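Q: In my numbering, the protein residues as written are 417 to 510.
For glycine and all other residues, C-beta sits at the position ideal for the given N, C-alpha and C.
All of these numbers come straight from a predicted model, not from anything done at the bench.
I'd like to ask you about the structure that follows.
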Amino acid sequence: MNPATDLLPTNIDSIRVDKSNLRSFGTARVIPGVHMIFMSTEHDYEPGSAQYSWLEQELQSVDPTKTPFVIVYGHSPMYSSNSYHGLRLNFGRL
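What follows is the structure, given as C-alpha cells:
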C-alpha cells in the first residue's frame with residue numbers, strides 16, 4: 417500500500433476496455449480539509465446526464481465546515497487545442 421498513490425483512482429486496468437459499457441463515471445475521496453472529486457471527461461457531463469446528476473449530488477454533500485476545499489479532477493484538460501481531444505470548452509462551464 418502506498419499512501420501517496422492509493423488515494424487516486426486509475427483506469428490502468430481498463431485501457432483496452434470498450435468505454436461505452438463503463439458504468440462508473442467518477443469517484444470522490446475526502447481527506448482532512450479536502451473533498452476531491454474525480455470525474456470522467458470521456459462520458460457525457462452535460463446538464464441532464466447521469467454524470468452531471470452524480471456531480472451535483474456529490475457537490476451538495478460537501479460540508480464546508482469539515483472540507484473547506486473542493487478539488488475536481490478530470491482526465492482531459494478543461495482547455496486543450498490538442499487535435500485528439502479538441503477544444504473542450506464545455507468542461508469549463510461546469
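(1) Quick one: give me the first and last residue of the alpha helix (DSSP H) that Tyr-468 is part of.
(2) How far does the beta strand (DSSP E) with Gly-442 in it reach, from first residue to last?
(3) To the nearest angstrom, how far is it from the Cα of Gly-490 to the Cα of Thr-481?
(4) When the Cα atoms are used, what is the spatial distance from Ser-492 to Phe-454?
(5) Can you give me the Cβ contacts of Val-446 inside the same chain, cut-off strictly under 7 Å, excluding the 5 residues immediately before and after it?
(6) Going by the DSSP bridge assignment, what does Tyr-489 pair with across the sheet?
(7) Could you tell me which of Ser-477, Tyr-468, Phe-485 sits nearest to Glu-458, measuring between CA atoms?
A: Let me lay it out:
(1) 466–476
(2) Segment 442–447, the beta strand (DSSP E) holding Gly-442.
(3) 25 Å
(4) 11 Å
(5) Thr-483
(6) Note: Tyr-489 sits in a beta bridge opposite Phe-454.
(7) The residue with the shortest Cα to Cα distance from Glu-458 is Tyr-468.
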